[in-house]
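Please read the structure below before turning to the comments.
Residue numbers (the numbering used here): 2 to 211.
As structure tokens, then:
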């Protein structure tokens, strides 16, 4: 199938091609996700050894600008074990309507580093922003996709972040990440934050390529 028929934005095509990342639709039809009660993934997540270099590369292709940070990951539970000193380096930006995430190897976790044993860049997971984690988790576990990582924070009922990784590597080559962000019981989107950061960066640095 023609690449332009699979994606709706030329910037996304350029980024995926440059990083040798397959389109989600090339591995899994939309009906696969709908059959599990999931939205179609809104995010491509790429593990990499050098996040800053990948951000520059993607911005030169027209994506972003990216929000790049290193943060502690409280309540990170990996294979049933609480990792108390976990820190993650990540960058979030948009290529058209689709979110791109770059993730470094991290500290106190092997979750991303495992994908980088023989490469500097790897397609790690697809991200699905969707409310209703318990129902979704039961559906994915019943389908054979076990939970390998979970984490987040909760200030119930004001604010909640619940994210979980489900292992679909054997069948599909990637993890599924579900991200349930809520504020006062309503689904919370981080897209305005990421796009607002991008708009501010463009205003402050109008001659940058991102």
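Cβ atoms here follow ideal geometry from the backbone N, Cα and C, with glycine treated the same way.
Note that the structure is a prediction, hence the values are computed from the model and not measured.
| message | By the DSSP assignment, the alpha helix (DSSP H) with residue 171 in it spans what residues? | response | 170-173
| query | Does the beta-carbon distance from residue 16 to residue 64 come in below 7 Å? | reply | yes
| field | Between the CA atoms of residue 190 and residue 93 - distance to the nearest angstrom | value | 13 Å
| message | Taking the beta carbon of residue 178 as the centre, do at least 16 other beta carbons fall within 10 Å, making it buried, or is it exposed? | response | buried
| query | Are residue 19 and residue 68 touching if we call contact CB-CB under 7 Å? | reply | no
| Counted within 10 angstroms of its Cβ, other Cβ atoms place residue 13 as buried (16 or more) or exposed | buried
| query | Under 7 Å between the Cβ atoms of residue 162 and residue 42? | reply | no
| request: State the Cα-Cα distance for the pair residue 119 and residue 50, rounded to the nearest angstrom. | output: 11 Å
| message | What does DSSP give as the partner residue(s) for residue 162 in the beta ladder? | response | 154, 182
| request: Use the C-beta contact count for residue 73: other C-beta atoms within 10 angstroms, 16 or more gives buried, fewer gives exposed. | output: exposed
| Would you call the CB atoms of residue 175 and residue 126 closer than 7 Å? | yes
| query | If we ignore side chains and look at the alpha-carbon of each, how far apart do residue 156 and residue 59 end up? | reply | 35 Å
| Hey, quick one: how far does the alpha helix (DSSP H) through residue 72 stretch, first residue to last? | No alpha helix (DSSP H) contains residue 72, which is instead part of the beta strand (DSSP E) from 68-73.
| said: Let me confirm a value: residue 186 is counted as buried when at least 16 other C-beta atoms fall within 10 Å, else exposed. Which label applies? | reply: exposed
| What runs of the beta strand (DSSP E), each 3 residues or longer, lie entirely inside the segment 72-115? | 77-79, 82-84, 88-96, 99-104
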